[in-house]
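Heads up, the sequence shown is in full-length UniProt numbering, so the first residue is 1 and it goes up one at a time.
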Amino acid sequence: MIDVIIYSVFILALIAFSLSPAIYLTNKLSNKFIFIENNSTKISILFAILFSSIATFFIFWF
């Protein structure tokens, strides 16, 4: 049970640290696509979750 809590805190920390690159990427893409500009908050959150999931996968894989 404690492993699940540690893993959850680790994932939340990675999401927090990957939010800045996600916002940057969303701002760059919003200049090109109207859909991304209209839904920028949702897409930033999805990018942050994606980046943190990829980071978690590589951290636990190696």
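All residues carry an ideal CB built from backbone N, CA and C; glycine is no exception. All values reported here derive from a predicted model rather than from experimental measurement.
Under the three-state DSSP convention, the category residue i falls into
i     : result
Lys28 : helix
Asn39 : coil
Phe33 : coil
Rounded separation between residue i and residue j - CA only
i          : j     : result
residue 65 : Leu14 : Lying outside 1 to 62, the shown extent of the chain, residue 65 is not represented and no answer is given.
Ala22      : Phe47 : 5 Å
Buried/exposed call for residue i, threshold 16 Cβ in 10 Å
i     : result
Thr41 : exposed
Phe33 : exposed
Tyr8  : In the sequence on display, residue 8 carries Ser and not Tyr. With fewer than 16 other Cβ atoms within 10 Å, it is exposed.
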